[in-house]
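Okay, structure first, notes after.
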Amino acid sequence: MKKGFGSIVLDASFRVLVPFTLVYGVYVLVHGEYSPGGGFQAGALLAVGIILSRLIQGNEKALFNIKGNVALILAGIGTALYALIGFSTIFLGGKFLEYGRLPFSVHDPAELHALGMLGIEIGVTLCVMMTIVAIFDALTGEEEGI
Amino acid sequence: MDSFITGSLIYWLVAALFLLGVYGILANNNLMKKLMAMNIMQVAVIVFFLILGQKLGGTLPILMGSDTTVDHYINPLPHALMLTAIVVSLSTTGVALALLMRIQERYGEIEEDDILRRMNE
Amino acid sequence: MREQLPALIVVVPLLASLVAPLVAYFSTALVRLVAIAAILVANISAIGSLTHALTKGNWHYHFGDWAPPWGIELVIDPLAGAIAVLISFVSLVVVIYAGPYLKEDGWLKKGIFYSLFALLTTGLLGMVVTGDVFNLYVFLEISSLAGYALIASGGNKAVVAAFRYLLIGTIGASFYLLGIGYLYAVTGTLNMVDLAEKLPLLMDSPAVIIAIVMLVVGLGTKMALFPLHGWQPDAYTYSHPAAAAFIAGVMGKVPAYAAIRFFFFIMGAATGPVYKALQIMGWLAAAGIIIGSLMAIAQKDFRRMLAYSSVAQIGYVVVGLAIGNSLALIGAVLHIINHAIMKSCLFLVAGGIQWRTGNVSVEKFAELNKKMPLTMGALVIAALSMVGLPPTAGFFSKWYLVLGAIEADMWFYVVVIIISSLLNAVYFFRVIENIYMKKASEEAKDKDKDKGKGMFELPLQMLVPIVVLGLGILVLGILNEPIVSQVIQFVIPGGGQ
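Protein chains in written order, with the numbering used here: chain B, 6 to 151; chain W, 732 to 852; chain H, 2 to 498.
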């Protein structure tokens, strides 16, 4: 996809669509405990925003251009964030992923669980978004061989 | 007839979808079509799990108002499990597509008998 | 940290796999150390958990401190601990072996290889220690996806083999998921201990019978039980040589462990539909033993011969399950452990031969014992163990299987095991004869690649794992009495039938 589609209609309309998609993705992520949503769906939505701009504008001049190699590193960091939150509860004296021991001071133990879950969902979102971008790059890029 | 439609018809449909998927993997020649049939098969398994959580007259499992009797809400556990299964399906499709791109570059096409013929030359 | 050992078994290789691309971006020497250190930590945690399980009883570890059946738990009993130690040990040996293969590659390929390898280790270890059937499906798919990618990195033909393995493996995993769906539908729980309590009352309902059939097909596909073994020869032959030892030795055995867990611990195997299902699996396994050995005799490629031999060897384990009494179960578990070490050693030797001389055809193995004496010594020990000669390890596991078959009056299996040992002898002694007694042709001597100009025949990082595994076969054979009486004796649920 070096050149992209690039017609005038697509070029004008995607600039309206993509910001809404990204904001909707973040909304779905944060509302994971109140309504259907959560990390995986938010990651897919955010990836759609990035892929749409790359499809229309081509590989070089796209907004939010993240190469496939960097995407793999960021995907690993996203899931490592999840595992590190789980690990930190081991160091603070509890079992793996025991949210009750996270070092934030809130009044309600249920709120502490909600904060912990928000943390791991952010890690999952980053991982899924970068994985989908990496798959897209593997399918449409020209590889030098791996 | 009515109890058949509300009771067992959905299971028969899911079984037909699963068997269509397996038949598609076995009988197609084109590797891309095999991949799509595999996706259909995985979706059939996911829908089977979701059926297990339905209740007659149940609604979304979100606490609305002060009604807390269990019979009003469908079982949310199969939905949570199937979220993981959908992600597994996505990853498998991603790996398979990357492998297909590799095969297309090295062998020039993705029809299975042509690939096997070229591999054994 | 002492109480968190079961979580460390799974989480530390997972973390290493996730940060490997980032570490490789900065320094390629560091990523190898990170991978080896993580697998070493998993090894030590597995040994610690095994000793705890043997001395103080089963270890139930609740994730997030939620009590089951609401939460997911890890259960480490002697069987899980023993196989976890086996998996992490073989993984450590193979990751040390893989070093010289990656020397000329860039940071991306090194990082991704170690990441996939650690992910495969995580998946297999997670399958072994978990106490929840859906968690087992998740880890099964994690290990399978990492396996597909590792197999596909071996060249042109490997990509096609990996794609076909992907299709067949996904069918197997979907059957497994359907099976646990049926179990969830009738009992309402996914925890293994809870299922073991609720299932005995429901054993005759059609849903449980269908669940057993689905589990047999699903797990049978994953462990390459005859006739579902079609993916295995191509996948093992063309795979990347550094990963082939781990995949061939260990990845086919863990679904057999899952079958033991389902059919002997969750559902009692004494009577009823499980007994009949195990009988049918036994007949299929017996056919697989004979046909696998016959096909192996006909092969010219060394790795393809080993792949067909793996089809036969997993048949021994399933025959042990089908016989069902405690002696046969001891034989089956002992054969899982022994065969993992033997097959990994053989695949490491095959990779070493390919590294040094560039060919894998058995007929061109002539006079290799002069160039690579230590490697050929390990090959001879492993070959004798596969045939089943004392005091190597292979003899003792077959001995237990035959004793169990005699005690249960199943003479058919005794005949099958003895005939297949003779067939094993045919193709392995042919390889040994080619190495030691055949004269090399003149052109082969000229075309010697001679990569090993140094003191040793192979790079040291490749030679030491081969020698360690070869000696391990002898050690397992000589010490099999304490292993059986101290570890495996407690594996059998309630002493068997």
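Ideal placement from N, C-alpha and C gives every residue a C-beta, glycine not left out.
Apart from the five residues on each side of it in sequence, which residues of its chain come closer than 8 Å, Cβ to Cβ, to N435/H?
For the purposes of this step, residue 435/H is identified with residue 434 of the third sequence, where counting begins at 1. Excluding positions up to five away in sequence, the list reads V363, E364, F366, A367.
Measure from the alpha carbon of S175/H to the alpha carbon of each residue in A775/W, Y742/W, T737/W, then state which is nearest.
Locating residue 175/H in the third sequence gives position 174, counting from the first residue. With distances taken between Cα atoms, S175/H lies closest to A775/W.
Min CB distance F19/B to chain W below 8 Å:
Counting from one through the first sequence, the residue named residue 19/B turns up at place 14. Among the CB atoms of chain W, none fall inside 8 Å of the CB of F19/B.
Could you please tell me which residues of the segment 133–162 of chain H, in chain order, have their CB closer than 7 Å to any CB of chain C?
No chain C is part of this structure, whose protein chains are labelled B, W and H.
Here's the rule: buried if 16 or more other CB atoms are within 10 angstroms of the residue's CB, otherwise exposed. What is Q773/W?
Locating residue 773/W in the second sequence gives position 42, where the first residue counts as 1. Burial is judged here by how many other beta carbons sit within 10 angstroms of a residue's own beta carbon; Q773/W has at least 16 and is buried.
At what residue ranges does the segment 71–113 of chain B contain a whole run of the alpha helix (DSSP H), taking only runs of 4 or more?
73–96
Which residue from S18/H, D302/H, A43/H, M268/H puts its Cα closest to that of D205/H?
Position 204 of the third sequence, counted from the first residue, corresponds to residue 205/H. Answer by Cα proximity: M268/H.
Going by beta carbon distance, what residues of the same chain come within less than 8 Å of T737/W, once the five residues before and after it are set aside?
Position 6 of the second sequence, counting from 1, holds the residue named residue 737/W. Closer than 8 Å at Cβ, skipping near neighbours: L787.
Got a sec? Which residues, its chain only, sit under 6 Å from M832/W by beta carbon, not counting five neighbours each side?
If you number the second sequence from 1, residue 832/W lands on position 101. Excluding sequence neighbours, M832/W sits near nothing in its chain.
Assign N851/W to one of three DSSP states: helix, strand, or coil.
Working through the second sequence from its first residue, we reach residue 851/W at position 120. The DSSP-derived three-state label of N851/W is coil.
Below-8 Å beta-carbon distance, V42/H vs any chain B residue
Along the third sequence, read from residue 1 onward, the residue named residue 42/H stands at position 41. Taking Cβ atoms only, chain B never reaches closer than 8 Å to V42/H, which makes this a no.
Enclosing alpha helix (DSSP H) for W284/H [first to last residue]:
The residue you call residue 284/H lines up with position 283 of the third sequence. Taken as a continuous stretch (DSSP letters only), the alpha helix (DSSP H) holding W284/H covers 274–298.
Beta strand (DSSP E) segment containing V76/H, residue limits
As a first step, residue 76/H must be located in the third sequence, where it is residue number 75. Taken as a continuous stretch (DSSP letters only), the beta strand (DSSP E) holding V76/H covers 74–77.
Run through the segment 770–840 of chain W for me and flag every whole alpha helix (DSSP H) of 4 or more residues, listed as ranges in chain order.
808–838
Checking contacts by CB at 8 Å: is Q773/W closer than that to chain H?
Sequence index remark: in the second sequence, residue 773/W carries index 42 (1-based). Judged by the 8 Å Cβ criterion, Q773/W is in contact with chain H.
Considering just the uninterrupted stretch of the beta strand (DSSP E) at F340/H, what are its terminal residues?
As a position in the third sequence, residue 340/H is number 339, starting the count at 1. In the sequence as presented, Phe is not what sits at residue 340/H; that position holds His. Annotation for H340/H: no beta strand (DSSP E) segment contains it, though the alpha helix (DSSP H) segment containing it runs 327–358.
Return no unless some Cβ of chain B is closer than 8 Å to the Cβ of Y258/H.
On the third sequence, position 257 is the one that residue 258/H refers to. No, its Cβ sits nowhere closer than 8 Å to a Cβ of chain B.
Under 6 Å Cβ to Cβ from A1/H, same chain only, skipping five residues before and after it: list those, please.
Absent from the structure is residue 1/H, since the part of chain H shown begins at 2 and ends at 498.
Is G112/H close to chain W? Criterion is C-beta to C-beta, closer than 8 Å.
In the third sequence, the residue the question calls residue 112/H occupies position 111. Taking Cβ atoms only, chain W never reaches closer than 8 Å to G112/H, which makes this a no.
Is it true that the CB of I95/B sits closer than 8 Å to the CB of Q5/H?
Taking the third sequence and counting its residues from 1, one reaches residue 5/H at position 4. Taking the first sequence and counting its residues from 1, one reaches residue 95/B at position 90. In this structure, I95/B lies closer than 8 Å to Q5/H by Cβ.
Residues, ordered as in the chain, of the segment 822–835 of chain W that lie near chain B by beta-carbon distance below 7 Å
G825, L828, A829, M832
Just curious, the beta strand (DSSP E) that W60/H is in, first and last residue?
Numbered from 1 along the third sequence, position 59 holds the residue referred to as residue 60/H. Looking at the DSSP string, the run of the beta strand (DSSP E) that includes W60/H is 60–63.
Drop a sphere of 10 angstroms on the beta-carbon of S12/B, count the other beta-carbons inside from all chains shown, and report buried for 16 or more, exposed for fewer.
Here residue 12/B corresponds to residue number 7 of the first sequence, with the count starting at 1. That one is exposed.
Y104/B: contacting residues in chain H (beta-carbon distance under 8 Å)
On the first sequence, position 99 is the one that residue 104/B refers to. Listed by position along chain H, the residues whose Cβ is nearer than 8 Å to that of Y104/B are G65.
Verify the CB distance criterion: does L2/B have a CB-CB separation below 8 Å to chain H?
Examination of residue 2/B is not possible in this model, given that chain B is present from 6 through 151 alone.
Nearest-angstrom Cα distance between N770/W and V160/H?
In the second sequence, the residue the question calls residue 770/W occupies position 39. In the third sequence, the residue the question calls residue 160/H occupies position 159. It is roughly 20 Å from the alpha-carbon of N770/W to the alpha-carbon of V160/H.
Beta-carbon gap between I474/H and T393/H smaller than 8 Å:
Here residue 474/H refers to the residue found at position 473 of the third sequence. Here residue 393/H refers to the residue found at position 392 of the third sequence. Yes, these two residues count as a Cβ contact at 8 Å.
Would you report the Cα separation of A83/H and A341/H, rounded to the nearest angstrom?
Start at 1 with the first residue of the third sequence, and residue 83/H comes out as number 82. Start at 1 with the first residue of the third sequence, and residue 341/H comes out as number 340. Approximately 13 Å, taken between the alpha carbons.
Answer with buried or exposed for T123/H, where buried requires no fewer than 16 other C-beta atoms within 10 angstroms of its C-beta.
In the third sequence, counting from the first residue as 1, residue 123/H sits at position 122. T123/H is classed as buried because its beta carbon has at least 16 other beta carbons within 10 Å across all chains shown.
Quick check: is the beta carbon of L22/B nearer than 8 Å to any beta carbon in chain H?
The count along the first sequence starts at 1 and reaches residue 22/B at position 17. It does not: the Cβ of L22/B has no partner Cβ on chain H nearer than 8 Å.
If you draw a straight line from the alpha carbon of F348/H to that of I484/H, how long is it in whole angstroms?
Against the third sequence, residue 348/H aligns to sequence position 347. Against the third sequence, residue 484/H aligns to sequence position 483. Their Cα atoms are separated by approximately 25 Å.
Identify, in the order they occur along the chain, each residue of the same chain with its Cβ nearer than 8 Å to the Cβ of F396/H, setting aside the five sequence neighbours on each side.
The residue given as residue 396/H occupies position 395 in the third sequence. The residues are S386, G389, L390, G478.
Beta carbon of Y183/H, beta carbon of M224/H: below 8 Å?
For this step, residue 183/H is matched to residue 182 along the third sequence. For this step, residue 224/H is matched to residue 223 along the third sequence. No. Outside cutoff.
With a threshold of 7 Å on Cβ separation, who are the neighbours of G453/H within its own chain once the five nearest residues in sequence on each side are excluded?
Your numbering for residue 453/H matches position 452 in the third sequence. Only weak support is given to the placement of G453/H: the predicted model assigns it a pLDDT of 49, under 50, and the question is left unresolved by the model.
Mark V21/B as exposed unless 16 or more other C-beta atoms lie within 10 angstroms of its C-beta, in which case mark it buried.
Translated into positions along the first sequence, residue 21/B becomes position 16. Exposed, by the Cβ-count rule.
In whole angstroms, what is the alpha-carbon distance linking E116/B and L93/H?
Along the first sequence, one-based indexing puts residue 116/B at 111. Along the third sequence, one-based indexing puts residue 93/H at 92. Taking the straight line from one Cα to the other gives about 42 Å.
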